[in-house]
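Trainee:
Residue numbers (the numbering used here): 4 to 76.
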């Protein structure tokens, strides 16, 4: 398991929080071997905790940033 913490205070616009909530709701419904699953969501007044599947090779965004692209197979 992995826990991702989203700080509500760091979100500068209300639309950012709405976008994250929408993304979470979509991810909760998906069941695909290539998409990380969200198992649980815990919300406090200041944070949103996402309990999700752990992937040992890191974040896709970091991979793309480092390699400039993602190989399509």
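Don't be surprised by glycine CBs; every beta carbon is placed ideally from N, CA and C.
(1) Do residue 56 and residue 29 have their C-beta atoms closer together than 8 angstroms?
(2) Does the pairing of the segment 49 to 65 with the segment 5 to 19 give three or more beta-carbon distances under 8 angstroms?
(3) Checking 8 angstroms against the spacing of the C-beta atoms, do residue 27 and residue 41 come in under that value?
(4) Suppose only complete runs of 3+ residues qualify. What are the beta strand (DSSP E) ranges in the segment 6 to 48, listed by chain order?
(5) On the three-state DSSP scale, how would you describe residue 66?
(6) Whole angstroms is fine: what's the gap from residue 14's alpha carbon to residue 20's?
Mentor: Reading from the atomic positions:
(1) no
(2) yes
(3) yes
(4) 41 to 46
(5) helix
(6) Each residue's CA atom was taken as its position, placing residue 14 and residue 20 some 7 angstroms apart.
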